[in-house]
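Visitor:
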Amino acid sequence: MIEIDGSVGEGGGQVLRTALSLSCLTGQGFRIYNIRKNRSKSGLMRQHLTAVQAAARVASANVAGDRLGSPELSFLPDGITPGEYSFDIGTAGAATLVLQTVIPPLIAARKRSSVVVTGGTHVPFSPSWHYFAEIFWPSIARLGVSGETTAHSFGFYPRGGGRVGCLVDPAEALSPWSVRERGRLTRLRIVSAVGNLAGSIAQRQLQSALAALRGRLERGLPMDAELLDLKVFGQGTFIFIKAEYEHAVAGFTALGERGKPAEAVGAEAAREFLEHHETGEPIDPHLADQLVPYLACAPGPSVFRTSRVTRHLVTNLLVAGYFLKLSSGIEGKEGGPGTVTISPQTMK
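Numbering-wise, the sequence shown is residues 9 to 356 according to the numbering used here.
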C-alpha cells in the first residue's frame, strides 16, 4: 500500500483527490496521513469526504477513516464499475472537484457512466462550472476523453444547491499532447452573472472588465458578452472570461462576495486574463495541474508551456509519480512561466 504524506506540496485537498483518481485507475491502494495539514481547518471536510465516497463507489473500495475531520485515510480499490452515480455534498463544497476525482477512473470503465453532483458550482478555491465545461472539458477531449457536460442549476457559497454533471465514455487510450505555442487570440467570451441580486450588478461587472481590457488587445477581436440572471439558492455573482486561441483555450473566473464591489469583480477577472495573455504561453495556470492525471496515463511523452508554474502543478506531478512510473520535469520557477514534460510510463 502506497504511503502518502498529505502535507506535501500544496498540502490541501488536491493531494487526496489526485491520489483517489489514480488509485482507482491503477488498482493500487494507499494510506494518506496529515490530510490538509497546511489548512486552517485540517482533516476531511464535507467536500473531500464526498470525493472519497464517490471514488469508493466507482471503484468498490474498502475505506477506513472516511469521516469528517479525519486526518488520515486508507483506500483500497477493487474494480471500476460503470453506472449512474449521484452525489450530494450537502454544502457549497465544489461540485467540479468531485467530478474531477471520478472522471479518470470512469474513462477506464467498460461502458458509459453518468455522474451528477449537488453542491457549489461557482465557489472559491475551485474551478467554476463555466471553467469546467468550457476550458477543462474541451482540453481533456483533445486527449481522447469523450462524453457530455450537463448543468441543471447553479449554486454559490454558502448555500450551494447547484446540480451539475457529466456523461463519461470509456476510452481505450489517452493521447499525449504537446503544445508550446498557442497561436493568435481568435475570440474572447465574457459571461457576467448574478443570482437573486439586481441585474445591474452583472452589467457593472461586465463594464469593469471591458474597461480593463480596453486598449490591451488587438483591434477588431471578435468578442461575445453574455449577462445572466440565475435562479439559485441564496445569492451570488461571478464573471467568467474565456480566451480562445488557435491551439489552446484559457479561462478566468472572479466571484462576488459581500462587501466586494462589482467593479472589483470584473477588474479581477480581466487582470488574471491579461497576466496570462501577456506571457504568450498557451496553458493557463489552473489547467496546467488539471491535465497531469490524464497526460500521466498517456502512452507517449507530452510537453506543454504554462504561463505560471503553481504549487498545485508541482504537487500533482509528485502524486502522479507515486502511482505511475513517470519521468516528469518543470523548466521554470514557481510563480513564472515554465515548460512541463511528462514522459511515457507504465503502471507500477
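Idealized CB from N, CA, C, for every residue including glycine. The structure presented is a predicted model; accordingly, all values stated were derived computationally and were not measured.
Mind checking whether T349 and G340 have CB atoms under 8 angstroms apart?
Guide: Locating residue 349 in the sequence shown gives position 341, counting from the first residue. Locating residue 340 in the sequence shown gives position 332, counting from the first residue. Not a contact, by the Cβ cut-off of 8 angstroms.
Visitor: Would you kindly report the start and end of the unbroken alpha helix (DSSP H) that includes L7?
Guide: Only positions 9 to 356 of the chain appear in this structure, which leaves residue 7 out of reach.
Visitor: Starting from the N-terminal side, write out each stretch of the beta strand (DSSP E) that is 3 residues or longer and does not extend beyond the stretch 170-256.
Guide: Runs of the beta strand (DSSP E) inside the stretch 170-256: 170-176, 193-203, 231-238, 244-253.
Visitor: Please check the pair T109 and A62, which I expect to be a contact at CB under 8 angstroms, by giving their CB distance rounded to whole angstroms.
Guide: Sequence index remark: in the sequence shown, residue 109 carries index 101 (1-based). Sequence index remark: in the sequence shown, residue 62 carries index 54 (1-based). Rounded, the Cβ-Cβ distance is 6 angstroms, consistent with contact.
Visitor: Kindly say whether I291, judged by its beta-carbon, lies nearer than 8 angstroms to any beta-carbon of chain D.
Guide: Judged by its chain identifiers, the structure shown contains no chain D, having just a single protein chain.
Visitor: Rounded to a whole number of angstroms, what is the C-alpha to C-alpha distance between K259 and A251?
Guide: Taking the sequence shown and counting its residues from 1, one reaches residue 259 at position 251. Taking the sequence shown and counting its residues from 1, one reaches residue 251 at position 243. Lys is not the amino acid found at residue 259; the sequence shown has Gly there. The alpha-carbon atoms of G259 and A251 are separated by roughly 6 angstroms.
Visitor: Taking the straight line between their C-alpha atoms, what separation do you get for T194 and I143?
Guide: Walking along the sequence shown from the start, residue 194 turns up at place 186. Walking along the sequence shown from the start, residue 143 turns up at place 135. Each residue's Cα considered, the two are about 15 angstroms apart.
Visitor: My output table needs one value for S15: the three-state DSSP class, helix, strand or coil.
Guide: As a position in the sequence shown, residue 15 is number 7, starting the count at 1. The answer is coil: DSSP assigns S15 none of H, G, I, E or B.
Visitor: By Cβ distance below 6 angstroms, which residues in the same chain neighbour G308 in space, the five residues on each side in sequence not counted?
Guide: As a first step, residue 308 is located in the sequence shown; it is residue number 300 there, counting from the start. Around G308: P184, P352.
Visitor: Going by beta carbon distance, what residues of the same chain come within less than 7 angstroms of A102, once the five residues before and after it are set aside?
Guide: Looking up residue 102 in the sequence shown gives position 94. Contacts found: Q55, G127, G128, V131, S134.
Visitor: Can you tell me the Cα-Cα spacing of E11 and R39, whole angstroms?
Guide: For the purposes of this step, residue 11 is taken as residue 3 along the sequence shown, with counting starting at 1. For the purposes of this step, residue 39 is taken as residue 31 along the sequence shown, with counting starting at 1. Taking the straight line joining both Cα atoms gives about 5 angstroms.
Visitor: Mapping DSSP to helix, strand and coil, what is E286?
Guide: In the sequence shown, the residue the question calls residue 286 occupies position 278. Note: E286 maps to coil in three-state DSSP.
Visitor: If you compare alpha carbons, which of Q215, P293, V66 is closest to E271?
Guide: To locate residue 271, count along the sequence shown from 1; it is residue 263. Cα-wise, what sits closest to E271 is Q215.
Visitor: Mapping the DSSP letters down to three states, classify W137 as helix, strand or coil.
Guide: Taking the sequence shown and counting its residues from 1, one reaches residue 137 at position 129. The answer is helix: DSSP assigns W137 an H, G or I state.
Visitor: Count the other C-beta atoms from every protein chain shown that fall within 10 angstroms of the C-beta of P113, then say buried if there are 16 or more, exposed otherwise.
Guide: Walking along the sequence shown from the start, residue 113 turns up at place 105. Answer is buried; the Cβ neighbour count reaches 16.
Visitor: Going by other Cβ atoms of all chains shown within 10 Å of its Cβ, with 16 needed for buried, is S48 buried or exposed?
Guide: In the sequence shown, residue 48 corresponds to position 40, counting from 1. Looking at its Cβ environment, which holds fewer than 16 other Cβ atoms inside 10 Å, S48 is exposed.
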